[in-house]
Each structure stands twice: as structure tokens, then as C-alpha cells.
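In what follows, a structure is listed as C-alpha cells, so that the remarks can point back to it.
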Amino acid sequence: MDSGDSGAVLYLIRGRSGTGKSTLLGAIRARLRARGVTLTDHPAQAPRPGGAETGRPRTALVVDDAHTLGAAEFDLLRAAAESGEFPVVISLRSRPHDARLRALTDLVARRGRVIDLRALGATEIAPFARELGMMVPRGLAQHIHRQTGGIHGGVVAALTAACATRLDAGVTAVDQAVTAWARTRLDDSDPDLLDALVVAAIGAGLDTGELTEVLDLSSADAQSLVDRARGSALVTDADLLLAPAVAPLRTLVGDRRFLTVARRLLHARLDAGLLRDHTALLLAESGLRDERLAGFLCAAAERAGDEAVRYYASAAAAGADPEALAVRWADAAARSGDGDTALRLAEPSLANPSIPLTDLAVAVRVCAGVWTRRGLADRAAQLYTWLGPARVGADWAVAATVLCLSGDVRGAQALSVNAGQWPPTEATSRAASIAHALSDSIGSPGAQTAQRPHATQHGVAASGALGGGRSGTGQPSPGAAGNGRTGTEYSSAPASFHRPAPGTDPARGAYDAVAARNGGPGGAGALAAGDHRGHTVTGARPPSPAPVSDFGTVSAPTGFTAEMRAVPPATLAGQRFANPAQARRGAAVSAASALIHAAHSGPAPADDGGDRFLPCSAVSIAVLLCLSMGDPRRAADALRGASPTPQSLVLGAWVAMLGGDEHSAATLMSEVPVAELDPRDRLLAHGVIVGLARRSGDHAALALAWQQAYPLFDEVGADLLALLPIGELWLAGIRLRDEARMTALVTGADELLRRLGEPPVWSNAFHWYAIQAAIAQESPEALLPHAHRLKTAASAGDPQAAVLADAGRTWVLVLRGQVLRDRVEGAVARLAGLGLRWDAARLASEAALAASDAATATALLKLARTVRAQSRPPESPVRVPEPAAPQARPEPVTDTVLSEREREVAELVLLGLTYREIGARLYISAKTVEHHVARMRRRIGAGSRSELLSMLRAMGHGSLLV
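Structure (C-alpha cells):
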């Protein structure tokens, strides 16, 4: 227009309503007037082709909304465009089904130029605002794009409202302004167009054939209606009505008409077999009640995965019987992490006398799983005990796991008597593997005291059955758990940890006060310093093998459990190891291997059959078992390949912290949303946070971490997986002189271990915490019971107990001023070997401070620094290192491996949309989108996001405009 060319120009400006066509025409008119050109917007008033006007054109035809012209005017417009004798500028909305407009567009494309005006992209909102002299934050600009679809008219209305209000009220102002703008657009629409927009509001798309049936139109009218709807400012490229326009549309057409159109659409789709799950979901959520819709949604919920809860809720809203859906709905809610909804739905089913046994077992599993995740394993165990072995069904392994965690191995054995009746499916075999491994790690209650059935003179009762260390009342028998004595019964305990008289052995005073009462220096309580082998009584018979657990066995000679457990691991361990303690240790190591295998071989938590079926994951049991038994490398192995879920991050932080790498632990914890965790995982998280603050020596940080943690103490109970955080929190409470808050949890943990017969792989770490607590409190009376239990296990040949017993004895010597360099160095090295590097460095530091010899102090300080410098995570706790050698790439996969929803997500990911934008398009949360992307990566074997995008394109995705 500004070039001064004397030739005629021909332009066609095409775009949806509200994209700025009229604004652009206004600017063109101003330029032409500035050049002295006469303007007309009526084709009848334009110069006639072949007229007298020559030279520089003095008249121009500028026509807006050419799609609204009548037949006669449109013919004149086309003739003017064909003449080429004067400038012609036309704007219109694209209508592909209109033959006249297609012909005009082809003409202009040959002789002039066609300009398409598109909606603004998400990244173009802020620059557009700056052009208008406005500034908006990035987050608000993205919100404006989601609400308006980038249509210029809506964007301008939103920006004007946002800049006229406070920053914190910008979102509300934008929503109100866009809704008002949409209502204005709807007011100008005719009833047929409103009906078409109702179809778009439901998310069913705009199909000509479908509109013909739903709205009772001719094919030509339906085509015209589709073009008009798509050309409006309220329908996106995906044929979806803008969200702010839904409520005004429903108000304008009325609920009755809205639901009538929705019902017709539903029946048309059902009759044709074309109803999509997501469309059915939106129909139900719009308020449509229909029996066929409810049945469709119930079936869709079974394959909906993470969205099953939403489908069940929609099915109930569509008219399905809530009681009939309650159990399946509760199960879906439990898998998605919504414990409150799961309990609300499942608990009433427990009291329903007419409920089928299979549904009752599912309801119990749901309630027990939620309670266990909330740290209430005792309550979950009571529920399974009430259910009983006759009704527990295929969930016997889940029930046994819960009862083992709560300390009731006998109850777990009772619930497993019918295990052989159930086939080894993916879910049952995996749950059985976890239950058996947990039982093997515990062993038989009373096994520790049953190692020496001949030694009745020491008050040890013989026992060979599961739970043999308990009396008929279920309480610990006099011969179980530390020879039946409590901590207060050691009357010969020293009064303090202060320096002894010259020439005395403070270690013997603190640790061997009961030696004489156990048969003198050579009795069961004796453990020579530095000797970590098992000891036997002189002249006694060889120790008998550890008692065999009959957990999960059946009376019949065949059956699933009998085949799996034809030779119990405890028996095999007893054959491989002459020492019963070593046999138990071997069984625990095998149990850890089984748990790690279960964690690595099973489906992911987000998939059906994953850990969400279970009250706790195999990986969490494996990691905490390995850490408790002093094997941090195996704990890191259990986490290898795990997705970075909040739980795996917390477990990785435990591995790093106990290994002395506080920096890595703090980095992992910085990514954990602690407040969103289940209570038991939250206890683990607070254990790490408090433990890191305690190790840092920052009293203010420790006090703050403690204040954030202690409200949880009244919500959870003690179970096997809570022993480590209870120990860490106990020491922090003592440091802050607020240990009374931990009394219930510490007492519960001690009673739990007594009920289980003090299984070393679980109890050793807790007793080590107890010894440190007694040292911090300067309470020898509190130290001796736990020291004696470690010595008992050590004297039986348990290597971890031997290391901890020797380290505790050395620590007492240091506190009493007796620093023996060789002994301290040996204890430090062995503690570091168990992964307790921070404890090892602290022992060396305190010994250096207490040493009277400068050379010894210098050497021990150097040792402490060396141990701290060597504190590195044994393996990457969460992220897997790249393989050293290139691995063979998996075979190409076909599109059939992706579900329908995953294919939708794939298309939008390839368009470059964010998770939040994809969620808005598909009416799901951003978190669910993230889960879909992670699942796609696993299914097609992509190692990174860029590789995922490349593989999706190779599979043919990304070619659709959505």
C-alpha cells in the first residue's frame, strides 16, 4: 500500500472472528486515505470494469465480512477482483464448505495475496501486551492464553482487566473479563449455532454427519453450521468450546435444551459404537443422567488407570448405584493415593452382611492398605485378623505382610494356611514373595533364645516353632528377649559414665555387669574385645540350627506355597552355615535379594498390579531392611532404576545420610513435597530432615525441624519400617531435652521387637540408637538392656551386632577417659564398614578430644577427617549411571503399545505444549499427564525426553492438528 506502485493490488484477509481482521482493515483504510484514494465498501459503488479511470487508481474497494454478502453483491465483488483495474481488499471468515468463498479465495491466490490471521501463541501474549503498552507476569500471560485460546479480542479484554486491578487479583479479573466477552459473542449467535456450540462444549468435536443426526439438519445446513462454529471466536482448533464460554452458553440455551442435545449426542455415539471414554466422562459431568451412559462409564473405569476414580464418580452421577460401585471405587481411590475417599467408600462395606466375599476382601485390603500407609499397621492387622483365613482369599500374602510389620508372625502364619489354593498370578506371586521375604528376615519369634536349647541353666527356654519365644498368653516368655530381664534389673550397673578408678576396666563395668550372673567370663554374655565370632559354652553340645518357619505352608503335598517353599530358606541356611546366627543372617540376605528382585521385576507403581496394590512397596521394605542390617550398598541396589517418586527420594536420602553424605541427602530431600506424603512416609522424611539437622550441629535448624516433625508423633504407631526414623527422632528429642514426646513410639518399637523375638537384622540398628540415647542422657541403666541384647546376638555370631557391641563398649571407654588408639581405630573402621560413617567419624573425634596423648589425638583427628572425606553414596540412590558399553536398542515398537489416552498425550507433547496445557486440553491434571509421559517412556524404551520425542515421531505421531 505504501510502495507508490500505480498498479492495482488485490488482498484477501482470512481468519476467525476476533483475530483482528477489522482492525487491520481500519489501518489499510487510513493508509489509502492518506494517499488520496477514495474508499468504498459496497461492491455496487466500485468502478465498473473497463471504465474511464486510468493511470493512478483514485478509488479502492475495501470489503469487510465478505462471507455475509448476498449473491448479487458477491458477484460484483468477484468481478471487481477479476478486473485488476483498482485496489481490492477483502476480509472474510474461512468456510471450506462454501463453494463461492473457495472460488474467490482461489482467484485471489492466483492474482493477489491471501493473508491468514491466526490466534496468538502462549509465548506471544506478553509481547502483544507490550505493544499495547501493558505489562503482565508470565504466569498470568499463560493463564490468559488458556482462557482465550489466543483470540485477539479475548486477549485484549483480558489484558485490559488485568492491568486495571491489583496483581494478586489478576486471575480473577481475567476470568470475569473473558466470561463477559464470551457472553457478548454468544448473544449475537442464532439458536442453530448455539446448539452446535453445545456439542463443542461437551468435547465431542464437530462432525457434519453427527450434527445432521443430533440436530436434525440437512447435510448442507450441517456443513454450514460447522464452518460457522469453527469461524467463531469461541471454538479452538481442537473443536472445543473455550472453558469460560461454557457457563454463559448453558445459561443462554437453558439446562433443558443443553441436556437434550447432550442426550441425542450420547445415543448417536452409542448406536454407532463411536462413544469415546473421555466424551462419556464429559457428558456425565455436564449433568446428564442415563442408564446406558452409567454402564459405559463403569466399564471404562476398569481400564482408566489413574483416572478410574473420576470415572466411577461420573458413573454414580449418571445414575449408577453407588453401593454397587463402592468397593471398586474405593480400590481405585486407594491406588490413586486418595485415602480419605477410599476409607469413606470401603468402611461401610465392612458392615454390609450381604456383600460378596470377594468384595469384602477387597474392602479389607483397601482399608488395611490405607491404615498401613498412615502408620497404623496395628489397626490394619486387627482388621485382617477379624477377616480370618477362611475369608482372606488371594490376599493372604498382603495380610501376612501387614501382620509381620505389626509384630504378629503367628497371625501371619495363621492367615497363610490356605495359600496353596490360589494360582501364582503376577499379583499373588509378587505379594507372596514380599510376605515370605519379610517373614524370613524376622525368623521365628524366640529363635534367638532357641539357639541353645540345652542351656536351661541360664534361663533360656527351648523352642523350635514359629513364635516359640512367647508364652501361651502371647506375651514374651521368661526365657525370651534378653533372658527375661528388663533394663532396670541390672542392679550392678555403674552409676555414671565418669572416669573410673585407676586400674579398672570401664568397659567391663558398663557392659559386663551381668557376666557373673550369666556364668562368669566364659558364659553366654561374654564377648572378647575385637572378637566377632560366635562363642559356645565349654563342654556344651554344638548349637542347633535356627528353627524352621512354617510360614505359608499347607498341609497338602502340593499347592502354590508348598511348591515355592519345598525347602524353606531357613533350612537351607542352616545347612550352609554351622552357626545359627550366620544362618539367620544368610536368610536375611536372601530375603533382601528376594525383595530387590520383587521391586525390579514387578510393574511400575502407576501400572495395574504395581505397588499400590500393597500396603507398602517391595522397594521400601528392601531399602529399610538393608539399612537396618548394615548393608547400604544393597539398599542402593534396591533403588537402582526406581523412578524419582517422593518415596524413592526419601529412601535415597536415608541411604545417603546413613552413609555420611549429608549433602546428597539434603539435595534429595529438597525435591520432596513432605506435606503431601502419607503419614508413614512423612515420618521417614522427618527422620531424614531431623537427622541432617542433628548431624550439622545447627541447634536452631534442629529445633525448627523438630517442631515440624513432632505433631506427627501422635498420628502414627511403631512398625518394622518405622524403627530407623524413630531412632533418629529419639536422639534429636534428647538433644533438645524434649524426648518425652517420643516415649510412646520408642516404647512401641521396643515392644514390637520383643514380640518378634529380637530379630537381629531389624533390632540391631534400633539398639544402636538406644545405646547412643543412653550415652547422651548419661544413663548407664538405660544402656545395659540394649547393650546386653547386642552382646547376646554378637556372642551367637551375628557380625553386625558384634561391630555395634564393640563400638558401644569403645564409646563408653572414651567417655570415661580411656582412649586406646588401636581399639578406637578398629571400632571406627568397622562402623564405617557398616555404612555408619558419620557415627564412625564422631567416635574418632570424641576419642581425639578425650585423648591425653597429643600424638594419639592428632592421629584420631586425622582418622575422623579421612572417614568424613570418604563419605560418598555407595551408589547413586535414585538415578542410574549410563552403562559403560552401548547396549542393544530395543526392537521398534508399534503404535499399539500406547493406549488411546497416551496417543492423545503424545500428539500434544509433540506440539510442544506443557503438561499444564495438555491437561487443560484433555481435562486431566498436569500430574496425570506427567504419569502418562513416564509410562510412554517405559513402554517404548526411551532413555530421555528427546529420545521419546524422536521415537514418537518415528511411530507416526505428531502429524495431527489437535
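In my numbering, the protein residues as written are 371 to 1332.
Glycine is no exception: its CB is placed at the ideal position from the N, C-alpha and C atoms.
Residue(s) in a DSSP beta bridge with residue i
{"i": "LEU462", "result": "ARG384"}
{"i": "VAL432", "result": "VAL459"}
{"i": "VAL1020", "result": "Answer by DSSP bridge pairing: none, since VAL1020 is not bridged."}
{"i": "VAL605", "result": "LEU611"}
Nearest to residue i (by Cα), restricted to the options the options
{"i": "GLN1078", "options": "SER987, ALA1227, GLY1313 and ILE1059", "result": "ILE1059"}
{"i": "GLN1142", "options": "ILE485, ALA1088 and LEU1206", "result": "LEU1206"}
{"i": "ARG1291", "options": "LEU652, GLY540 and ASP1192", "result": "LEU652"}
{"i": "THR518", "options": "ARG488, MET505, LEU502 and ARG472", "result": "ARG488"}
{"i": "GLN546", "options": "SER594, ALA613 and ALA442", "result": "ALA613"}
{"i": "ARG1003", "options": "LEU1028, SER1018 and GLN1017", "result": "LEU1028"}
{"i": "HIS806", "options": "GLY657, LEU1219, ALA968 and ARG483", "result": "ALA968"}
{"i": "VAL459", "options": "THR475, PRO507, VAL544 and THR742", "result": "THR475"}
{"i": "MET1039", "options": "ARG1050, VAL433, LEU1019 and LEU537", "result": "LEU1019"}
{"i": "ALA599", "options": "GLY1000, ALA566 and ALA590", "result": "ALA566"}
{"i": "ALA531", "options": "VAL506, ARG516 and GLN512", "result": "VAL506"}
{"i": "ALA1172", "options": "ALA1135, ALA671 and GLN1147", "result": "ALA1135"}
{"i": "ALA469", "options": "ALA430, ALA441 and PRO457", "result": "ALA441"}
{"i": "SER1066", "options": "GLU1046, ALA1035 and LEU1053", "result": "ALA1035"}
Distance between residue j and residue i (C-alpha atoms, nearest Å)
{"i": "ALA1166", "j": "ARG1159", "result": "11 Å"}
{"i": "LEU1322", "j": "ILE1288", "result": "16 Å"}
{"i": "THR1037", "j": "ALA499", "result": "39 Å"}
{"i": "SER453", "j": "GLY396", "result": "24 Å"}
{"i": "GLY332", "j": "LEU984", "result": "With the chain covering 371 to 1332 only, the question about residue 332 has no answer from this structure."}
{"i": "TRP1138", "j": "LEU1281", "result": "56 Å"}
{"i": "SER1295", "j": "ARG680", "result": "11 Å"}
{"i": "GLY520", "j": "GLY579", "result": "29 Å"}
{"i": "GLY745", "j": "HIS1301", "result": "26 Å"}
{"i": "GLU661", "j": "LEU720", "result": "27 Å"}
{"i": "ARG448", "j": "TYR381", "result": "12 Å"}
{"i": "ARG483", "j": "SER387", "result": "20 Å"}
{"i": "ASP1223", "j": "ARG1107", "result": "34 Å"}
{"i": "ALA617", "j": "ARG646", "result": "23 Å"}
{"i": "GLY1374", "j": "THR621", "result": "With the chain running from 371 to 1332 in the structure shown, residue 1374 is simply not present."}
{"i": "ILE1096", "j": "GLY1057", "result": "7 Å"}
{"i": "SER914", "j": "LEU1126", "result": "Because SER914 carries a pLDDT of 38, less than 50, the predicted location of this residue cannot be relied on, and no value is offered for it."}
{"i": "GLY739", "j": "LEU713", "result": "10 Å"}
{"i": "THR1284", "j": "ASP1001", "result": "41 Å"}
{"i": "GLY406", "j": "VAL433", "result": "18 Å"}
{"i": "ALA1217", "j": "THR1236", "result": "15 Å"}
{"i": "HIS648", "j": "ARG536", "result": "38 Å"}
{"i": "SER786", "j": "VAL1299", "result": "40 Å"}
{"i": "ARG1307", "j": "HIS1156", "result": "49 Å"}
{"i": "LEU619", "j": "LEU564", "result": "7 Å"}
Range of the contiguous beta strand (DSSP E) that encloses residue i
{"i": "ILE485", "result": "483-487"}
{"i": "LEU409", "result": "408-410"}
Limits of the alpha helix (DSSP H) - the one that residue i falls within
{"i": "SER594", "result": "589-601"}
{"i": "ARG1052", "result": "1049-1066"}
{"i": "ILE398", "result": "391-404"}
{"i": "ALA1202", "result": "1191-1203"}
{"i": "TRP792", "result": "TRP792 -> no alpha helix (DSSP H), and no H or E assigned at all."}
{"i": "TYR754", "result": "747-757"}
{"i": "ARG448", "result": "441-453"}
{"i": "GLU693", "result": "692-705"}
{"i": "GLU1274", "result": "1270-1280"}
{"i": "ASP1223", "result": "Run containing ASP1223: none; DSSP gives neither H nor E here."}
{"i": "VAL768", "result": "766-776"}
{"i": "PHE1136", "result": "1130-1147"}
Next on the checklist: Using 8 Å as the cut-off, can you tell me whether the segment 1115-1129 makes contact with the segment 1085-1104, which would need three or more C-beta pairs spanning the two stretches below that distance?
Outcome noted: yes
Checklist entry - Below 8 Å, can you find three or more Cβ-Cβ pairs linking the segment 1173-1184 to the segment 954-973? => result no
Checklist entry - Is the segment 1067-1078 close to the segment 731-741, with three or more CB pairs under 8 Å? => result The segment 1067-1078 is not in contact with the segment 731-741.
Next on the checklist: For the segment 1187-1195 against the segment 1005-1014, do three or more pairs of beta-carbon atoms, one drawn from each stretch, fall closer than 8 Å, so that the two count as touching?
Outcome noted: No, because fewer than three Cβ pairs between the segment 1187-1195 and the segment 1005-1014 fall closer than 8 Å, the two stretches do not touch.
Item to check | At least 3 beta-carbon pairs within less than 8 Å: the segment 583-600 vs the segment 630-637 | outcome: The segment 583-600 makes contact with the segment 630-637: 3 or more CB pairs, one atom from each, lie closer than 8 Å.
Item to check | Three CB pairs or more closer than 8 Å across the segment 531-546 and the segment 565-577 | outcome: no
Item to check | At least 3 beta-carbon pairs within less than 8 Å: the segment 523-536 vs the segment 556-564 | outcome: no
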